[in-house]
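When you line the sequence shown up against my numbering, it's residues 28 to 282, in that order. Data first, discussion second: the structure below is written as structure tokens.
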Amino acid sequence: MLKSYIKFILNFILRNNIQDSELKKVCKLIEKSKLKQTEKQKVTFFQQQFKFDNRIISITDFGAGSRVFNSDERKIHLIAKYAGMSKKKSEILLKLIAFYKIEKILEFGTSLGIGTSMMKIGNPVAKITTMEGCPETSKIAKEYFEKNALNNIEILVGEFENSFKKIENQKFDLIYFDGNHQKEPTLNYFKRCLDFKTEKSIFIFDDIHWSKEMLEAWEIIKNHSEVIATIDTFDMGIVFFNSKMKKEHTLSYKF
Ligand SMILES: C[S@@+](CC[C@H](N)C(=O)[O-])C[C@H]1O[C@@H](n2cnc3c(N)ncnc32)[C@H](O)[C@@H]1O
């Protein structure tokens, strides 16, 4: 991971001029724009509220496993700390959703709902469908959504494979892939989600530098015939399908 980070930073410093005007705008948004004070407060509040939740839940793990936990019995505040979304990722997600006024979102992997909440801050009227396999975790997420009066969020509990059946024929403005961080499942979900996109849809893949496998998946996604442009932010990979954009792959990073 450290090697991958150093390589990324070097490539970012040596980045060529960005040709496409839309990509240029998004990179500027990621690197330069700041959150509004009210958004900042909400982000901090949502991230912090798990801090004192010492309840223990029993996790059903469907993903790539954990590099931190070695038991299925986990404290909620520790799940939030290690599996929840970082402030940096939250900011990118929130800014993108606000910038594009994204209205219909699909999320793979709700966990405690930190990412879902961040997307809601970006656009409070967005309709979010979020999928989670672990019943205990999704129960806690639901509890926090209700506690914070976050509406218009549908949690589909169960294996992603089964949840696909419930979203057939829908279109989403943004799909956030933060479920199974392994190559084959990532590519499988990507291909199946191509049916859910319009030209203006944006796909975001979490943790593309998490492992060699995830980097390989990212390279395949970048080179897919329907993909027009991408941004690698190190933490996440952002994919555009808009044929009005120039075919281009770039990097963006906020120090
Ligand atoms: C990294 S966490 C999601 C974090 C969350 N998006 C956030 O921002 O806080 C990944 C979640 O995806 C769920 N998951 C992984 N693979 C799954 C699968 N195949 N079916 C259902 N849920 C799955 C896991 O149970 C886990 O809670």
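Yeah, the Cβ is synthetic: ideal placement off N, Cα and C, and Gly gets one too.
Where does the unbroken beta strand (DSSP E) through residue i begin, and where does it stop?
i	result
ILE194	Note, ILE194: premise wrong, no beta strand (DSSP E); not H, not E.
VAL70	Where VAL70 is concerned, there is no enclosing beta strand (DSSP E), although the alpha helix (DSSP H) it sits in stretches over 64–75.
ALA256	256–259
MET263	263–267
Tell me whether residue i counts as near ligand 1, meaning its Cβ is closer than 8 Å to at least one heavy atom of that ligand.
i	result
HIS276	no
THR71	no
THR65	no
PRO212	yes
PHE135	yes
GLU188	yes
PHE232	no
ASN207	yes
ASP262	no
ALA110	yes
ILE141	yes
ASP88	yes
GLU159	yes
So residue i is in the alpha helix (DSSP H); what residue range does that whole segment cover?
i	result
HIS104	103–109
GLY149	141–149
TYR32	29–40
LEU56	48–58
MET241	239–249
PHE126	114–127
So, for residue i: in the same chain, excluding its five sequence neighbours on each side, which residues have a beta-carbon less than 6 Å away from its beta-carbon?
i	result
PHE131	A small correction: the amino acid at residue 131 is Lys; Phe does not occupy that position in the sequence shown. Within the same chain, LYS131 has close Cβ partners LYS154, PHE199 and ASP200.
ILE235	MET241, TRP245 and GLY264
SER10	Nothing about residue 10 can be reported from this structure: the residues present for the chain run from 28 to 282 only.
HIS104	PHE77, LYS78 and ASP80
ASN179	LYS154
Please work out which residues of its chain come closer than 7 Å, Cβ to Cβ, to residue i, disregarding the five sequence neighbours upstream and downstream, and give them in chain order.
i	result
LYS169	ILE182
ASN189	none
LEU177	SER144 and LYS147
LYS116	ASP262 and MET263
LEU221	GLU253
GLN197	PHE223
Please work out which residues of its chain come closer than 8 Å, Cβ to Cβ, to residue i, disregarding the five sequence neighbours upstream and downstream, and give them in chain order.
i	result
SER113	ASP262
LEU62	VAL70, GLU118, LEU121 and LYS122
TYR280	PHE35, ILE36, PHE39, ILE57, GLU58, THR260 and PHE261
Within 8 Å: the Cβ of residue i and any heavy atom of ligand 2?
i	result
ILE167	In terms of ligand content, the structure shown lacks ligand 2 and carries ligand 1 instead.
Hey, is the segment 160–167 in contact with the segment 125–143, meaning 3+ C-beta pairs nearer than 8 Å? At 8 Å Cβ cutoff, the stretches touch.
Taking 8 Å as the cut-off, does the segment 169–178 touch the segment 141–151 (at least 3 CB pairs, one atom from each stretch)? The segment 141–151 makes contact with the segment 169–178, as at least three CB pairs between them are under 8 Å.
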